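> Following this message is one structure expressed as structure tokens.
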Amino acid sequence: MTEAGRTVVIGAGHNGLVCAAYLAKAGRDVLVLEAGHQVGGAAVTRELVRGFKVPAVAHLLQLLDPAIENELGLAGHGFALAKSALKTVALSEAGEPLVLDGNRIASGIVSAADRAAYPDFIDRMRRYATVLGRQHGRIPPRLAWQRWQDAIPAGRIALDIRRLGREDMREFLRIVTMPIHDLLEESFETPLLKGAIALDAILGTKLGPRSGNSVFTYLHRLSGASPSPSLPKGGMGALSEALAAAARAAGAEIRLSAPVASLVLADGRVSGVRLENGEEIAAVTVVSNADPKTTLGTLLGARHLEAEFARRLNHTRAIGTAAKLNLALGALPQFRGVDAQLLGERLVIAPDAGYVDEAFNPAKYRDYSRAPVIEITLPAVSDPELAPAGKHVLSAIVQYAPYDLAAGWDTERDAFRDCVLAVLERYAPGLRKLIVAAEVLTPVDLERQFRIGGGHWHHGELTLDQFMMLRPVPGAAQYAMPVAGLYMCGAGCHPGGGVMGDAGRNAARAILEGAPR
Ligand SMILES: Cc1cc2nc3c(=O)[nH]c(=O)nc-3n(C[C@H](O)[C@H](O)[C@H](O)COP(=O)(O)OP(=O)(O)OC[C@H]3O[C@@H](n4cnc5c(N)ncnc54)[C@H](O)[C@@H]3O)c2cc1C
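Here my numbering is used: the first residue of the sequence shown is 431, the next is one more, and so on.
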């Protein structure tokens with residue numbers, strides 16, 4: 431084992447790449463070891479069948495920190511958008527969809543009261559979301575203060591809430607832990623509108639609209655700099671490729687097909703990693719982009735953790751409920767009541783908040799929803815290079831399909847796919863006849879193919895009890911783990927999942943500043 435000054439990053443997910451790029455820019459000798467044969471983790475574009483490229487898992491970009499885009503010069507490394515400021519088209523089986531464009535209801539049948547109330551509602555939610563957004567680029571404060579300076583970051587959070595002003599502060603504190611269902615009942619009456627907002631609150635979580643915290647997860651979704659989602663040109667993988675190019679340009683080395691089996695320890699600190707093929711690579715610092723349970727439970731080994739810390743880690747919730755359906759299509763599908771020019775937007779199936787709630791119920795009992803909530807994009811409409819001329823790809827996130835399915839996914843996967851296709855067919859008659867190839871990725875498949883423990887969108891549920899200084903567990907929220915030399919930089923850390931990059935950037939800062947544990 432040589433290369434004693436080296437930093438090893440385990441995993442080339444987008445957060446691992448961001449972390450590697452910042453560390454390399456700061457002069458560190460960085461080696462990224464990625465188990466898969468592509469960079470990007472869940473932010474990847476891959477060929478489903480010859481000529482048809484799909485965003486394999488994540489498909490919409492909304493939370494990427496613009497500071498990262500600028501500081502790493504991503505445009506210079508090939509990153510561009512195929513389409514920005516996507517509208518949300520809330521599909522209706524019966525007829526006209528509702529079209530939401532930023533803070534405006536662009537078209538559809540809604541009550542006059544809802545039409546008038548919507549802009550103010552969205553503006554207010556965005557103001558509240560800025561409280562969360564301001565925390566994204568910060569290292570969370572410690573719960574136990576050792577020095578008076580430790581109080582400053584906590585004071586900043588209080589100040590951010592206070593800066594909302596008296597009225598907004600009171601309202602923010604009233605609603606932040608509430609179920610989105612209750613807020614929607616207070617605010618609106620049109621079912622399609624309530625359904626679309628409920629979907630935004632629960633996507634990627636194991637929460638229903640009547641669950642506490644679902645206003646918080648809604649605000650988290652709105653907490654980025656961009657008010658509406660975008661489609662990266664070349665699919666989500668193009669962003670990861672640009673991040674990898676930025677990391678390489680700064681001097682980092684990236685090795686693919688290099689799965690790490692375990693961490694190597696010497697004198698009570700991390701001294702390197704051991705690959706699955708037995709090769710050992712020395713490092714003074716190891717940063718893991720893998721989820722917390724994989725990093726600490728599997729790669730490090732629970733025996734190296736204090737019992738209380740191991741208990742906290744075991745108690746974190748990380749049961750993924752979002753599945754992915756990718757289709758190669760022989761032609762552009764038609765959706766009931768949807769103009770062709772809206773097919774490049776974000777389409778959602780969540781006809782009302784009650785439907786979303788009922789879709790959640792089976793997940794509580796380890797079953798999947800027969801009438802799921804679905805978010806759909808047809809990215810080749812605005813990015814024709816993703817499919818052969820005249821043909822298309824459909825990318826759908828399907829909620830709720832729990833990781834811990836009682837019957838097991840290996841027996842249920844096909845029945846689940848048929849069920850999702852039957853629901854889509856109701857909104858897009860004739861869709862099934864257009865299918866050239868189909869792929870379903872359940873949370874178990876996400877775990878197997880992308881090494882995401884529990885197949886969870888956020889590498890661990892994103893609720894207030896697992897947020898900021900409690901993420902992934904108290905005592906490890908500043909990216910430094912309880913073994914010297916070991917850090918984490920993935921979605922399981924603050925500020926959570928979604929393609930944001932902040933966990934990677936904050937972790938690099940913690941390492942460069944030598945964050946004490
Ligand atoms: C179905 C689904 C749809 C989603 N859709 C969206 C969306 O539209 N928009 C959005 O913003 N977010 C979306 N997300 C969330 C988003 O994809 C993730 O939060 C984000 O990609 C996490 O990034 P990461 O870099 O932290 O981790 P990951 O992307 O999980 O990357 C971790 C990397 O570490 C590697 N790794 C793990 N263990 C090892 C090991 N032992 N050795 C070497 N390498 C290892 C993995 O192979 C992987 O490449 C979605 C998530 C899911 C599950």
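Glycine included, C-beta positions come from ideal geometry on N, C-alpha and C. The model shown is predicted, which means the values in this text are computed figures rather than measured ones.
Output the boundary residues of the beta strand (DSSP E) element that contains GLU869.
865-871 is the span of the beta strand (DSSP E), which, as asked, contains GLU869.
> Buried or exposed: where does SER541 fall if 16 or more other Cβ atoms within 10 Å of its Cβ makes it buried?
Classification for SER541: exposed.
> Would you report the Cα separation of SER641 and PHE790, rounded to the nearest angstrom?
Straight-line Cα distance between these residues: approximately 10 Å.
> Answer yes or no: do ALA515 and SER658 have a C-beta to C-beta separation smaller than 7 Å?
Result yes, Cβ atoms of ALA515 and SER658 sit closer than 7 Å.
> Can you name, in chain order, every residue of its own chain whose Cβ lies under 7 Å from the Cβ of GLN565, other than the five neighbours on each side?
Around GLN565: ILE587, MET898 and PRO925.
> Using the three-state DSSP reduction, which class does ASP521 fall into: helix, strand or coil?
Contrary to the premise, residue 521 reads as Leu rather than Asp in this sequence. In the structure shown, LEU521 sits in coil (DSSP, three-state: anything other than H, G, I, E or B).
> Taking the C-alpha atoms as reference points, what is the distance between GLY638 and HIS611?
Looking at the two C-alpha atoms, the distance is approximately 9 Å.
> If you pair each beta-carbon of the segment 765-782 with each one of the segment 517-526, do three or more pairs fall below 8 Å?
Enough Cβ pairs lie closer than 8 Å, so yes.
> Compute the Euclidean distance between the alpha carbons of ASN936 and GLU501, then round it to the nearest angstrom.
Near 13 Å, if we compare the C-alpha coordinates of GLU501 and ASN936.
> Helix, strand or coil for PHE880, going by three-state DSSP, please let me know.
The answer is helix: DSSP assigns PHE880 an H, G or I state.
> Answer yes if the segment 838-846 comes into contact with the segment 864-875, meaning at least three C-beta pairs across the two stretches below 8 Å, and no otherwise.
Yes, the segment 864-875 is in contact with the segment 838-846.
> What does the Cβ neighbour count give for GLY471, buried or exposed, with the cut at 16 atoms within 10 Å?
With 16 or more Cβ atoms within 10 Å of its Cβ, GLY471 is classed as buried.
> What separation, rounded to the nearest whole angstrom, lies between the Cα atoms of SER692 and LYS723?
Computed Cα separation, rounded: 13 Å.
> Going by C-alpha to C-alpha distance, which of LEU871, ARG856, VAL716 and GLU775 sits closest to VAL913?
Comparing Cα-Cα distances from VAL913 to each of LEU871, ARG856, VAL716 and GLU775, the minimum goes to VAL716.
> Measuring only the C-alpha atoms, how far is GLU597 from VAL606?
So the two alpha carbons sit approximately 14 Å from each other.
> Is the segment 917-934 in contact with the segment 490-498, if contact means three or more CB pairs nearer than 8 Å?
Counting Cβ pairs under 8 Å, three or more are found: they touch.
> Tell me whether LYS723 counts as near ligand 1, meaning its Cβ is closer than 6 Å to at least one heavy atom of that ligand.
For ligand 1, not one heavy atom lies less than 6 Å from the Cβ of LYS723.
> Compute the Euclidean distance between the alpha carbons of CYS449 and THR728, then round it to the nearest angstrom.
One C-alpha to the other measures close to 22 Å.
> Would the beta-carbon of LYS455 fall within 7 Å of that of ALA713?
Not in contact: LYS455 and ALA713 (Cβ atoms no closer than 7 Å).
> Is the beta carbon of ALA826 sitting closer than 7 Å to the one on LEU755?
Yes; because the gap between Cβ atoms is below 7 Å, this pair is in contact.
> Does the beta-carbon of ILE941 have 16 or more other beta-carbons within 10 angstroms, so that it is buried, or is it exposed?
Classification of ILE941: buried, given that the 10 Å Cβ count is 16 or more.
> Pair every Cβ in the segment 658-668 with every Cβ in the segment 682-691, then say whether three or more of these pairs are closer than 8 Å.
Touching, no.
> Confirm, please, whether the CB-CB distance from LEU461 to ARG436 is below 7 Å.
Going by C-beta atoms, ARG436 is nearer than 7 Å to LEU461.
> Consider the C-beta atom of TRP887 and the heavy atoms of ligand 1; say whether any pair is separated by less than 6 Å.
Yes, the Cβ of TRP887 comes within 6 Å of a heavy atom of ligand 1.
> Could you have a look at ASP911 and say whether DSSP puts it in helix, strand or coil?
It should be pointed out that residue 911 corresponds to Met in this sequence rather than to Asp. MET911: coil per DSSP, three-state reduction.
> Just to confirm the assignment, what range does the alpha helix (DSSP H) spanning ILE941 have?
First-last of the alpha helix (DSSP H) with ILE941: 932-942.
> Please look up how many angstroms separate the CB atoms of PRO662 and LEU511, rounded, as I've assumed it's under 8 Å.
Their Cβ separation, rounded to whole angstroms, is 6 Å, which keeps PRO662 and LEU511 in contact under 8 Å.
> If I'm right that TYR558 touches PHE509 with Cβ under 8 Å, what's the distance once you round it to whole angstroms?
TYR558 to PHE509, Cβ: 30 Å. No contact.
> If ARG809 sits next to HIS489, beta carbons under 8 Å apart, how far is it from one beta carbon to the other, in whole angstroms?
Going by the sequence as given, residue 809 is Pro instead of Arg. Indeed they touch by this definition, with Cβ atoms about 7 Å apart.
> Rounded to whole angstroms, what is the Cα-Cα separation between VAL703 and ILE711?
The straight-line gap from Cα to Cα measures roughly 5 Å.
> Exposed or buried, which one is SER799 when buried takes at least 16 other CB atoms within 10 Å?
The residue is buried, with at least 16 neighbouring Cβ atoms inside 10 Å.
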